[in-house]
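The first sequence: position 258 = 253 (my numbering), numbered continuously.
Worksheet for the structure shown next.
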Amino acid sequence: MPELPEVETVARELRPHLIGRQITKATVYWPRSIACPSAEEFSKLVCGRRILNVARRGKYLLFPLADGWTLLIHLRMTGNLHVQPTEHPLNRHTRVILSLDDGYTLRFTDQRKFGRLWLTQTPEAIVGKLGPEPLDPSFTARDLATRLWGRRAPIKAVLLDQRCIAGLGNIYADEVLFAAGIDPRRPANSLTDTEVHRLHAAIRTILAEAIRAKGSTLRDYRPPTTGSGQFQAHLQVFRREGKPCPICGTPVQRVRLAQRSTFFCPHCQR
DNA sequence: ACCACAACCTGGCCGC
DNA sequence: TGCGGCCAGGTTGTGG
């Protein structure tokens, strides 16, 4: 599922269930879901520690634990997290279960097994490479301009680069470029000042609206608990090839860019 | 610094 | 019904 709005939604929904809980047991069904340390070390180290907070940075979830440890989770394409009672039946794609001290469990499911968990004392080593949080007030249009400067790659490819800005993925990159009226194939360094300002505004507006709608729900695979997002109803171009542009009626076009399907209006996006 | 491509995985869908 | 090919909201590593 997850780009910034979806990960933010997961964090918000998990927070009240997890803050203050102690982890009593870890069960790893797919050891490679644990990126670091080994699955055995992970289980040993995570047990007995209390969850102090639930936070998000880019598309990462951060769970600061007692004693300076942090649990980090990246959902990648199909990862999901649910809080369920201990006796709740196992989902077929369950990869890791953390038992809590209140009779509930935090379950990580992941059909495609791309998602990863880390247990670390230095989370900055992982999330420190990320670009700025687009919704942070300190992220300005000037900041964006600096980051685009000197980059000749297509603007869409640069928006997907997490070191440039953290949190945009394929859906929201397309939607943001549509809202800003910018052709996704344009070299990033060819954007005018006005366009960078429009892009900056679009990034913030679209992400904020998507969070308000609790993100987008696109594929049918989506276990319950996490209330389904509603932003898919607001998508203007993403996966709408051939359908009329909501502004001018021109059929939405699809191209391959940075190895990803890219949707845009050839008339409104110049 | 950039691009293309493969790899990591599972499963749905489409056409034959 | 079966099979091959293509697609999927992400990231990393390789080689050119």
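No residue lacks a Cβ here, since even glycine has one placed at the ideal position from N, Cα and C.
Approximately 4 Å separates the beta-carbon atoms of A34 and V23; this is inside 8 Å, confirming the contact. Under the DSSP definition of a beta bridge, F226 lacks any partner. The criterion of a C-beta distance shorter than 8 Å is not satisfied by G126 and G74. Burial of C159 is indicated by the presence of at least 16 other C-beta atoms within 10 angstroms of its C-beta. Here DSSP, grouped into helix, strand and coil, assigns D97 to coil. Sequence-distant Cβ neighbours of V171 in its own chain, meaning closer than 6 Å and more than five residues away, are A197, I198 and I201.
Assigned with DSSP and collapsed to three states, I206 falls in helix. If you look at P80, you'll find it in the beta strand (DSSP E) that goes G74 to P80.
When DSSP states are grouped into helix, strand and coil, A175 belongs to the helix group. Annotation: the continuous alpha helix (DSSP H) that includes A152 extends over I150 to L155.
Look at F37 here: in three-state DSSP terms it is helix. Only residues of its own chain outside the window of five on either side were considered, and among them D169, L172, F173, D178, P179, V232, V247, Q248 and V250 have a CB closer than 8 Å to the CB of F259, listed in chain order. Nearest neighbour of G145 by Cα position, chosen from N165, D131 and P182, turns out to be P182. Using a Cβ distance threshold of 8 Å, I92 and R102 count as a contacting pair.
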